[in-house]
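Notes to accompany the following structure.
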Amino acid sequence: MGGTFDPVHNGHLVAASEAQYLLDLDEVIFVPTGRPWQKADRDVSSPEHRYLMTVIATAANPRFTVSRVDIDRPGPTYTIDTLRDLHAQLPDDDLYFITGVDALGDILGWRDAEELFALAHFVGCTRPGHELDDDVLKRVPAERVTVLEIPALAISSTDVRRRTAAGKQAWYLVPDGIVQYLTKHHLYQATPPTAPPQG
Ligand code: ATP
Ligand code: MG
Numbered sequence: 001m002g003g004t005f006d007p008v009h010n011g012h013l014v015a016a017s018e019a020q021y022l023l024d025l026d027e028v029i030f031v032p033t034g035r036p037w038q039k040a041d042r043d044v045s046s047p048e049h050r051y052l053m054t055v056i057a058t059a060a061n062p063r064f065t066v067s068r069v070d071i072d073r074p075g076p077t078y079t080i081d082t083l084r085d086l087h088a089q090l091p092d093d094d095l096y097f098i099t100g101v102d103a104l105g106d107i108l109g110w111r112d113a114e115e116l117f118a119l120a121h122f123v124g125c126t127r128p129g130h131e132l133d134d135d136v137l138k139r140v141p142a143e144r145v146t147v148l149e150i151p152a153l154a155i156s157s158t159d160v161r162r163r164t165a166a167g168k169q170a171w172y173l174v175p176d177g178i179v180q181y182l183t184k185h186h187l188y189q190a191t192p193p194t195a196p197p198q199g
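Here's what the structure looks like:
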């Protein structure tokens, strides 16, 4: 499951868990983006903060792991590179790329769309407030795309950032450890964020 995860929230975790359950996947690998080229217009938190928050949020689930492939690759993140790297690491596994339907709608605009479908099956999770354009489904190989109806959670990282910037805490929208991490590192607040712990 790729994402900016700035921060990771319960909408991501429920979508990932439902995809794992409904498709009987062995494991869900969360892949925080390096520098997302679609979000070049806003300041995205440092990759290490986003990586650590994703680790904190997924640590208790034995089927969830986090990959550094995108944050360790220099330059902007393209999904084709993510899939090539994961395929190289897991050559015998079938890859499923899990996204929300909003992101799936952009797939055709992504770099090397044909190779994307050769490398992975795409899973679009329903998301409140976002409709999948029927045209998109007509233009993609039907056998390589699955749309999953998942329990609706109208949570977004944008909303979590806004609330935090307004001095509120995002209890229950994000795992407790993420509320605490945002406070500890002053993320999205007027005070500049502190540096992430170094490994
Ligand atoms: P932002 O508001 O900063 O764009 P976001 O909440 O959309 O953040 P992303 O990191 O952009 O989170 O999303 C990563 C992936 O998770 C995307 O494919 C997105 O569609 C999906 N996703 C995010 N929130 C939900 C949700 N509430 N339900 C289903 N899918 C979601
Ligand atoms: Mg988004």
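Residue numbers (full-length UniProt numbering): 1 to 199. Backbone N, C-alpha and C fix where the C-beta goes; we use that ideal spot for every residue, glycine too. Fair warning: this is a prediction, and the values are worked out from it, not measured in the lab.
Residue i: first and last residue of the uninterrupted beta strand (DSSP E) it sits in
{"i": "Phe117", "result": "No beta strand (DSSP E) contains Phe117, which is instead part of the alpha helix (DSSP H) from 113-119."}
{"i": "Gly100", "result": "96-100"}
{"i": "Pro47", "result": "Counting along the chain, Pro47 falls outside any beta strand (DSSP E), though it belongs to the alpha helix (DSSP H) covering 47-58."}
{"i": "Ile29", "result": "28-32"}
{"i": "Val147", "result": "145-148"}
{"i": "Thr65", "result": "64-66"}
Cβ-heavy atom distance, residue i to the ligand ATP, below 8 Å
{"i": "Arg127", "result": "yes"}
{"i": "Met53", "result": "no"}
{"i": "Phe5", "result": "yes"}
{"i": "Lys39", "result": "yes"}
{"i": "Thr146", "result": "no"}
{"i": "Thr99", "result": "yes"}
{"i": "Ala103", "result": "yes"}
{"i": "Ala15", "result": "yes"}
{"i": "His121", "result": "no"}
{"i": "His186", "result": "no"}
Residue i Cβ short of 8 Å to the ligand MG heavy atom set
{"i": "Ala152", "result": "no"}
{"i": "Asp176", "result": "no"}
{"i": "Gly75", "result": "no"}
{"i": "Ser156", "result": "yes"}
Where residue i falls: helix, strand or coil (DSSP)
{"i": "Leu187", "result": "coil"}
{"i": "His130", "result": "strand"}
{"i": "residue 202", "result": "One cannot answer for residue 202 here, as it falls past the ends of the chain, which runs 1 to 199."}
{"i": "Val14", "result": "helix"}
{"i": "Leu137", "result": "helix"}
{"i": "Gly124", "result": "strand"}
{"i": "Val44", "result": "coil"}
{"i": "Trp110", "result": "coil"}
is_contact[residue i, chain D] using C-beta, thresh 9 Å
{"i": "Leu25", "result": "No chain D appears in this structure, which consists of one protein chain only."}
Neighbourhood of residue i by C-beta distance below 6 Å, restricted to the same chain and skipping five residues each side
{"i": "Tyr78", "result": "Arg111"}
{"i": "Gly177", "result": "Ile56"}
{"i": "Ala152", "result": "Pro128"}
{"i": "Tyr188", "result": "Arg161, Thr164, Ala165"}
{"i": "Cys125", "result": "Ala15, Gly100, Leu148, Ile150"}
{"i": "Asp6", "result": "Val44, Ser45, Arg50, Ser157"}
{"i": "Leu104", "result": "Gly124"}
{"i": "Met53", "result": "Pro7, Val8, Ile178, Tyr181"}
Chain-order list of residues whose beta-carbon lies under 8 Å from that of residue i (same chain, five-residue window excluded)
{"i": "Thr65", "result": "Glu27, Val28, Ile29, Phe30, Thr58"}
{"i": "Asn10", "result": "Leu153, Ile155, Tyr172, Leu173, Val174, Pro175"}
{"i": "Asp102", "result": "Arg127, His130"}
Residue span of the alpha helix (DSSP H) that contains residue i, given as start and end
{"i": "Thr79", "result": "79-89"}
{"i": "Val160", "result": "157-165"}
{"i": "Val69", "result": "69-72"}
Contacts around residue i, its chain only, beta-carbon distance under 7 Å, and the 5 residues preceding and following it disregarded
{"i": "Asp70", "result": "Val31, Pro32, Thr33, Gly34, Thr77, Thr82"}
{"i": "Val179", "result": "Gln169, Ala170, Trp171"}
{"i": "Arg144", "result": "Phe117, His121, Phe122"}
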